[in-house]
Amino acid sequence: MIVYGVGILAFCMLTGMFFGDLLGQIIGVKANVGGVGIAMLMLIVLSSLSSKKLQLGQLTQQGVTFWSAMYIPIVIAMASKQNVAAAVSSGWLAVLAGVGAVALSFAMIPVLTKLAQRSKQGESDGTDP
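Here my numbering = 1-based position in the sequence shown + 4.
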């Protein structure tokens, strides 16, 4: 059933938020540190684990897959909105650092693409890159 997908999503979100808050307290920050990332990683692990180790019904597996696919873009959008609001209120250096990180990430796409193509050519030739 699709409800299991929602249950796994809720479990991952609550657990991620708990550990993010706990990590923030440990390092002395009054904020959630990495809770969204922890929740996403848990969801990815549980989704892949459910397809390999657990024998779930077809509808259950579809529910888990659907909510796994929906969770990541929605939570990233929510987290990025908060980060942008915090950066703008913190000053121009924070905004500049964010823009620089995004520009650097976009600049790395061609490099990673070439590395992936080189790796595929090595696999097809039977040689290592």
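Think of the CB as a built atom: it goes at the ideal place given N, C-alpha and C, for glycine as much as any other residue.
Specify the secondary structure class of Lys118 as computed by DSSP and reduced to three states. The residue you call residue 118 lines up with position 114 of the sequence shown. Three-state result, Lys118: helix.
Quick check: Met21 and Ala43, are their CB atoms within less than 8 Å of each other? The residue you call residue 21 lines up with position 17 of the sequence shown. The residue you call residue 43 lines up with position 39 of the sequence shown. Yes; because the gap between Cβ atoms is below 8 Å, this pair is in contact.
Tell me whether Gly102 sits in a helix, a strand or coil according to DSSP, three-state version. Numbered from its first residue, the sequence shown carries residue 102 at position 98. In the structure shown, Gly102 sits in a helix (DSSP, three-state: H, G or I).
From Ile78 to Val106, what distance separates their C-alpha atoms? Locating residue 78 in the sequence shown gives position 74, counting from the first residue. Locating residue 106 in the sequence shown gives position 102, counting from the first residue. Ile78 and Val106: Cα-Cα distance of roughly 19 Å.
Taking one C-beta from the stretch 95-103 and one from the stretch 21-34 each time, how about it: are there three or more such pairs within less than 8 Å? Not touching, per the Cβ criterion.
Among Leu50, Lys124 and Leu63, which one has its Cα closest to the Cα of Leu13? What you label residue 13 is simply residue 9 of the sequence shown in a count that begins at 1. It is Leu50 whose Cα lies nearest to the Cα of Leu13.
Which of the three DSSP states, helix, strand or coil, is assigned to Lys1? Because the chain is modelled from 5 through 133, residue 1 falls outside the range shown and cannot be assessed.
Go ahead and pull the three-state DSSP assignment for Val37. For the purposes of this step, residue 37 is identified with residue 33 of the sequence shown, where counting begins at 1. Reduced to three states, the DSSP call for Val37 is coil.
Near Cys16, what residues of its chain come up, given a Cβ to Cβ distance below 7 Å and the 5 sequence neighbours on each side ignored? Walking along the sequence shown from the start, residue 16 turns up at place 12. Ala43, Met46, Leu47 and Leu50, listed in sequence order.
Let me know if Ser72 comes out buried or exposed under the rule of 16 or more other beta-carbons within 10 Å of its beta-carbon. The sequence position of residue 72 within the sequence shown is 68, counting from 1. With 16 or more other Cβ atoms within 10 Å, it is buried.
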